[in-house]
């Protein structure tokens, strides 16, 4: 009999996909009380004690990180120069790198979610930043050598993976540091993306005039290195004894048993993380039967989260929530010029204005969800769900009104509709991290949010290509106005489907863990199907929250 070959690949993948949070030694906990510190060896640290760390600093670090990521949006401003320098034509090949990057963002976020949880947000920002810098340097070389494959690999693959990692790293940290304001923290965590999109653009023309197109990427890479370095310096996770307003990082108000401090592993390296359910404002009033279901949520494994039917419905719902915003924003300037004959300046101004609305939507609507939850005494996941209901209804109304604004050539109405569209779209983007935390816990936030972000990739790539393909086909037989009106028609159907799907997203833990399928609205069981014996099913069905 020959030697037994170990299944190394399977073991390594399971180890990579586990969420086992390393413990912190006393010296590390002491060092993290200050902003500037670095590890000397396994147990000792060098610390500059001139500036103490405060949790609000993470909000600024998150904005800096997302400003770096926002550079991806602004690169379209130099696509025509890239087409001429690399492809020697103006057929629009440079934009393909953007679609490649969009495709990698979501998948990199999902794949590296467990890595960020194991090694911390600082390691995530440094790794993602390094890949973004490497991608920019490769893009600069591609211009110098007129190499299309190098540009696609550099700016498409490497930058896409880097943005995916740096996108989730600060959000995961903020959800742990702000158990009292999860929605607000998530909004600040993603709002910087829009700032970066509008902030990098004005720098490109002056830099190209001074250093040339190839060196533009080098200069931007250096600036990104500085921003990522500053952000990484601040990034960290809370210490084990962290409490704010009486809550720990999980939102738990009571005492934390020592058994929760060290998560265990089950078979196949699938972890059981002993975390407490995300902040529930009524948890200290729950009775014994209700706490049973909350404890079920506390011990969800990553595999159970991803493979659950509830997550599949949430995934499809989020897909419908962001489709119109992503696809519409990518075509906004073109619609303004082709339909309303707006000048290039006015079209650019419209994109800037909608970016501002997007920015405020990402902050204000998640912040409003925190207020609704607190003052309405709602289950947090239910409160976030109401925000998604609001967003989908608003999008449906906007899409029903949009064809009229196009056919009547009412530019003012069109601008108002798109500003409101980007506002509510930004709200859903800002709220999804806190919703995943509410449903799956803080240690699964990074990975679950990363998986959800593949929706963004699918909409940007498949949705954008479908929209443009349909438009080009219909332009053969109709005007721009009719073609755009029909193109937004299928998006109206997508959003209408989302309005139905959001109702199926179950936030009640009793419903989620019922052995079969149960759907409850205000203690009234609308749907009840079980695969248990009748007497046991009746006993379980009496438990409600």
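Numbering (the working numbering), first residue to last: 61 to 605. Cβ atoms here follow ideal geometry from the backbone N, Cα and C, with glycine treated the same way. This structure is a prediction, so every number in the text was calculated from the model and none was measured.
Do you know how far the Cα of residue 143 is from the Cα of residue 236? 44 Å
Let me know if residue 15 comes out buried or exposed under the rule of 16 or more other beta-carbons within 10 Å of its beta-carbon. Coverage of the chain is limited to positions 61 through 605, which leaves residue 15 absent and any answer about it impossible.
Classification of residue 576 by the beta-carbon crowding that lies within 10 angstroms, buried from 16 upward: exposed
For residue 495 and residue 472, what's the separation of their Cα atoms in angstroms? 35 Å
Alpha-carbon spacing of residue 245 relative to residue 148, whole angstroms: 45 Å
Between which two residues does the alpha helix (DSSP H) containing residue 116 stretch? Per DSSP, residue 116 belongs to no alpha helix (DSSP H) and is neither H nor E.
Rounded separation between residue 455 and residue 479 - CA only: 11 Å
Going by DSSP, what residues sit across from residue 275 in a beta bridge? In DSSP, residue 275 forms no bridge with anything.
Enclosing beta strand (DSSP E) for residue 437 [first to last residue]: No beta strand (DSSP E) contains residue 437, which DSSP labels as neither H nor E.
What is the DSSP secondary structure of residue 455, reduced to helix, strand or coil? Reduced to three states, the DSSP call for residue 455 is helix.
Return the residue from the list 108, 94, 138, 132 that minimises the CA-CA distance to residue 117. 94
Answer yes if the region 527-545 comes into contact with the region 187-199, meaning at least three C-beta pairs across the two stretches below 8 Å, and no otherwise. no
Please report the straight-line C-alpha distance between residue 431 and residue 417, rounded to a whole angstrom. 20 Å
CB-CB under 8 Å to residue 556, same chain, minus the five flanking residues each way: which ones, in chain order? 456
Flag this pair as touching only if the region 379-391 and the region 483-499 have three or more C-beta atom pairs under 8 Å; answer yes or no. Flag = yes, the region 379-391 and the region 483-499 touch.
Just to confirm, is the Cβ distance from residue 448 to residue 515 under 9 Å? Annotated as distal: residue 448 and residue 515, with beta-carbon spacing of 9 Å or more.
Is it buried or exposed for residue 498, if we count other Cβ within 10 angstroms and need 16 for buried? buried
How would you write the range of the beta strand (DSSP E) that residue 578 sits in, first residue to last? Going by DSSP, residue 578 is part of the beta strand (DSSP E) stretching over 576-581.
Would you be able to state if there are at least three C-beta pairs under 8 Å between the region 396-408 and the region 435-454? no
Exposure of residue 106, with buried meaning 16 or more beta-carbon neighbours within 10 Å: exposed
8 Å Cβ shell around residue 228 - same chain, five flanking residues per side excluded: 169, 172, 173, 176, 184, 506, 509, 510, 513
Where does residue 286 fall in DSSP's three states? helix
Out of 141, 548, 219, which has the shortest C-alpha to C-alpha gap to residue 204? 141
If residue 34 and residue 412 are in contact, beta carbons under 8 Å, what's the gap, nearest whole angstrom? The shown model of the chain, from 61 to 605, leaves out residue 34, and the question about it has no answer.
Once you ignore the five residues that flank residue 153 on each side, which residues in its own chain have a CB closer than 8 Å to its CB? Once the five neighbours on either side are set aside, the close Cβ partners of residue 153 are 143, 146, 147, 208.
Please report the distance separating the alpha-carbon of residue 462 from that of residue 552. 10 Å
For the alpha helix (DSSP H) containing residue 111, name the first residue and the last one. Looking at the DSSP string, residue 111 is not in any alpha helix (DSSP H); the run it does join, the beta strand (DSSP E), is 105-112.
Taking the DSSP output, what are the residues bridged to residue 94? Looking at the DSSP assignment, residue 94 forms a beta bridge with 112.
Separation of residue 545 from residue 270, as counted between CA atoms: 43 Å
Is the distance from the Cβ of residue 124 to the Cβ of residue 257 below 9 Å? no
Expressed to the nearest angstrom, what Euclidean distance is found between the alpha-carbon atoms of residue 586 and residue 373? 18 Å
Looking only at its own chain, which residues have a Cβ that is under 6 Å from the Cβ of residue 221, when we skip the five neighbours before and after it? 164, 168, 191
Assumed close pair residue 161, residue 214 - CB separation to whole angstroms, cut-off 8 Å: About 10 Å; that fails the 8 Å criterion.
Would you please state the rounded distance, in angstroms, between the beta carbons of residue 268 and residue 249? I believe it to be under 8 Å. Residue 268 to residue 249, Cβ: 32 Å. No contact.
Excluding the 5 residues preceding and the 5 following residue 400 in the sequence, name in chain order all residues of the same chain whose CB lies nearer than 8 Å to its CB. Non-local C-beta neighbours of residue 400 in its own chain, meaning closer than 8 Å and more than five positions away in sequence, comprise 469, 471, 474, ordered along the chain.
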